[in-house]
Structures are given as structure tokens and as C-alpha cells.
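Visitor:
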Amino acid sequence: VIVNHVSAASTPFQDWLARGDASPSAGLFLTPEQVFGRTPSDADTAAIHRPRPASPFTSVTFSDGSVRSVWTTFTDQQIDIDVEHELGWDYLMGILDRFQRSGIRVVRLDAVGYAIKRAGTSCFMLPETFEFIDRLTAACHERSMRVLVEIHGHHLDQIDIARRVDLVYDFALPPLTLDALFTGDSGPLKRWIALRPNNAVNVLDTHDGIGVIDVGVDPRDRSRPGLLSEQRIHDLVEGIHHRSNDTSRLATGSAASNLDLYQVNCTFYDALGRDDERYLAARMIQLLLTGTPQIYYVGLLAGRNDMELLAESGVGRDVNRHRYSAVEIGEALERPVVRRLVEMLRWRATEPAFDGTFELLASPEHQLAVRWITPESTVTVTIDLRTAEIETTAG
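Numbering (the working numbering), first residue to last: 11 to 405.
Structure representation (C-alpha cells):
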């Protein structure tokens with residue numbers, strides 16, 4: 011469910027533009043005046059946490075020639091809804107009802123962190139946002155659906171959300187895994203493993219970029235430090251650009267049209283310099299942790315940055331969205347790195363020790379060592395972050 015917004019081409023929004031306050035959709039869409047009680051000042055706007063550098067507001071013209079400002083957190087083609095208005099809540103409940111009738115069992119709440127706005131705040135992950143997530147989760151549970159929340163934000167917020175819902179994405183894992191393999195220092199990764207929620211969906215890559223906000227200081231409250239220092243995040247980002255031969259730089263930030271200022275657009279394979287051993291070490295880390303591993307299709311095929319698609323669309327995230335032909339898929343599946351990854355996935359799916367208890371073992375700074383144990387079986391894996399060597403013992 012896209013919680014925060016709808017398409018500017020949607021029937022309800024177009025009807026509102028055509029009929030104004032006479033439209034049955036009037037009240038569904040959020041205007042800045044509804045939040046601030048007036049036209050927001052520059053100071054009001056500056057305080058808003060935004061995923062893009064442009065204004066969070068867009069002027070739209072109605073059929074009678076009048077112009078109003080609407081809230082557009084992401085782009086001018088994505089119109090924020092007023093989730094606290096009766097129409098906004100009914101809209102979301104209508105989607106959940108349709109899902110229930112269709113037999114859906116897991117609902118992902120997308121962009122929910124931006125859904126609640128309050129004057130004088132960042133309008134992102136407010137206390138009221140957590141209350142809204144609770145309410146929306148209860149509505150899903152009433153329909154026998156589990157809830158997966160998608161939010162890029164401070165790691166402590168992720169831990170808080172994990173207590174409230176069924177599943178959360180571990181978006182801190184990708185940058186921490188890269189940092190460990192770039193530096194040979196397991197410290198930050200180990201500290202996160204000790205903190206992270208067990209009900210996580212473990213990702214290294216998705217259809218979006220590699221997030222760095224998830225390991226940084228809280229931009230809304232700088233007294234809350236991140237999992238990595240600002241210098242280490244800078245080195246991480248530059249390390250990705252260097253290893254990808256600067257193709258990621260061309261797809262990130264002001265170099266391309268991007269929704270998120272806090273992500274580096276790059277395939278995970280290219281982020282590791284197309285080094286097969288380091289790539290498989292990263293995937294092993296992903297598979298070893300508690301939670302549910304999720305492998306993005308480009309990652310499964312060890313995909314490279316699609317610079318042609320980037321040039322065609324101008325959208326930075328498209329660099330990690332290659333459109334594979336059947337022939338390309340067949341060729342990719344024959345590559346040694348992909349064959350080894352598939353074997354790792356089969357092992358993760360069938361090894362009975364992964365139904366047991368997880369232990370993070372003491373190990374030198376340059377190593378990550380974990381154990382999974384049941385009364386019948388044990389698996390211990392040690393990864394050397396300097397060499398990418400993986401040692402596995404079973405018993």
C-alpha cells in the first residue's frame with residue numbers, strides 16, 4: 011500500500027481538479043494550509059524532512075482557472091493524501107478490503123513515515139506517525155494480514171517500529187556490509203547485529219538505491235548518533251563510486267533525477283567492484299543473520315549498472331533496474347558467481363540448523379563469526395572481511 015500519496019493521473023485527483031470542492035474527492039488531498047493554517051513560511055518549509063531537494067509543495071490549476079498548492083513529498087506526480095481525513099482513511103481501508111478479498115496475507119506499508127504532518131516539525135516519523143502505524147497495523151490484523159513496514163530512517167526508529175509490526179526491512183544492513191568489506195573492520199556491523207530486530211527482512215539491494223540515512227545521525231535530532239560516523243559514511247559513498255568506476259556517481263544526487271538524497275544508486279555487484287568473492291561474502295552475511303533474506307532480481311543475477319537505461323530515462327535508480335531478456339537471464343545463470351550464489355540459497359533454505367538459535371561469536375576485528383544451533387545440527391561460519399574467505403563447519 012502506498013500510504014502517503016496517489017498518482018496525479020488518478021481518477022480522484024483529476025476529478026478534484028475538474029470539479030473543485032464539488033468533487034466527492036475534495037478533502038482527500040493534503041494542502042499546506044490544512045497543516046499550517048496559512049501559507050507556510052520559508053522557515054516552515056526548511057524544517058520539513060524531504061527525500062528530494064525541491065519544494066514539498068506543488069501548485070496545481072483547476073478547471074475554473076484557480077490555483078492551489080498541494081503537498082507533494084516525493085514528486086509533482088505523486089499527490090499526498092490527508093490520511094487523517096475521513097476520506098483518506100476510507101481510501102486506505104478500501105485498498106485493504108480489496109487485498110483481503112484477493113487473499114493477500116502480507117501488506118507492505120510504503121512511504122508511511124511521511125504520512126503525518128504537523129506544523130513546526132520535520133513532518134517525518136513523528137510520535138503521531140507511530141500512532142498511525144499502530145492504527146493501520148490493527149486494521150490489517152483485523153483482515154488477517156501481516157504488516158511489513160518500509161521506512162528509511164534512523165536505526166532506533168527501525169527498532170521501535172519492529173516492536174509494533176510483523177516485519178521491517180533491515181536497510182542498515184547494506185551499507186554496514188559494504189563498510190565491513192571495504193575497511194576490514196567488523197565493529198559497526200557487529201554492533202548492529204547485536205541490536206537489530208529479529209523480525210527483519212534482510213536486504214542488500216532493492217529497486218531503490220543503497221541507503222546511507224539508515225546508518226547516519228538522525229537528521230531531525232543530531233543528538234542521536236548513527237551506526238557510522240559522517241567521515242565513515244563519506245568514505246563508504248566514495249568507495250562505492252571508486253569501485254563502480256564512477257558509474258554510481260553519474261546515477262546519484264544532482265547527476266540524475268533522484269527521489270532520495272540519501273541513497274547511492276548502484277547495483278550491489280558493482281558497489282563491490284565486481285569482485286566475485288567479496289560479493290559472495292556479502293551475500294553470506296545477508297543469509298546468516300536472523301530474519302528473512304530477500305534477494306533482488308538484479309542482485310541474484312550479479313547485475314551490473316545499466317548505463318544505457320540511465321541515459322535513456324535520466325532516472326538514477328534505473329541504473330539498478332536492468333530489463334533482462336530471456337537470453338540474458340540464461341547467460342547470467344551460467345556465470346560462476348551466480349551459480350555459487352544459487353547454491354548458497356539452496357543451502358540456506360534446506361539446512362536445518364537455521365531453524366535453531368543464532369549466536370554472534372567473539373572474533374577478531376577483521377572477522378565475522380556466527381553460529382546457528384539446534385539439538386540435532388550446528389553450522390558455524392567465519393568470514394574474513396579482508397580476504398573475503400568463507401569458512402563453514404557443520405556438525
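Every residue, glycine too, gets a C-beta built ideally from N, C-alpha and C.
1. Is it true that the CB of L297 sits closer than 7 Å to the CB of G232?
2. Using 8 Å for Cβ pairs, my map puts A129 next to V45. What's the rounded Cβ distance?
3. Just verifying my parser: in three-state terms, what is the DSSP assignment at N330?
4. Report the CB separation of A379 from T392 in whole angstroms; it is logged as a contact under 8 Å.
5. Quick one, are the C-beta atoms of H162 and A182 less than 7 Å apart?
6. Hey, would you say L199 sits closer than 7 Å to R153, going by beta carbons?
7. Since P303 sits in a beta bridge, which residues does DSSP pair it with?
8. Note down the Cα distance separating V157 from G75, rounded to an integer number of angstroms.
9. Roughly how many whole angstroms lie between the Cα atoms of R29 and T21?
10. Can you give the Cα-Cα distance for A56 and T131, rounded to whole angstroms?
11. For F278, name the three-state secondary structure that DSSP assigns.
12. Count the CB pairs spanning the segment 57-69 and the segment 111-120 that are closer than 8 Å, and state whether there are at least three.
13. Between the segment 208-215 and the segment 242-259, are three or more C-beta pairs nearer than 8 Å?
14. DSSP puts F109 in a beta bridge; with which residues?
15. Taking all protein chains shown into account, do 16 or more other C-beta atoms lie within 10 angstroms of the C-beta of G104, making it buried, or fewer, making it exposed?
16. When the Cα atoms are used, what is the spatial distance from S267 to G324?
17. Between M317, L102, D365, which has its C-alpha nearest L299's C-alpha?
18. Determine the direct distance from the alpha carbon of R242 to that of P185, and round the result to whole angstroms.
Guide: According to the structure shown:
1. The sequence shown places Arg at residue 232, not Gly. Against a cut-off of 7 Å, the Cβ pair of L297 and R232 comes out as no contact.
2. 6 Å
3. The three-state secondary structure of N330, taken from DSSP, is helix.
4. 4 Å
5. no
6. no
7. P303 is bridged to N212.
8. 42 Å
9. 12 Å
10. 10 Å
11. DSSP places F278 within a helical segment (H, G or I) once states are collapsed to three.
12. no
13. no
14. Its beta-bridge partners do not exist; DSSP assigns none.
15. exposed
16. For S267, the pLDDT reaches just 48, beneath the cut-off of 50, and the residue's location in the model is therefore unreliable, leaving the point undetermined.
17. D365
18. 11 Å
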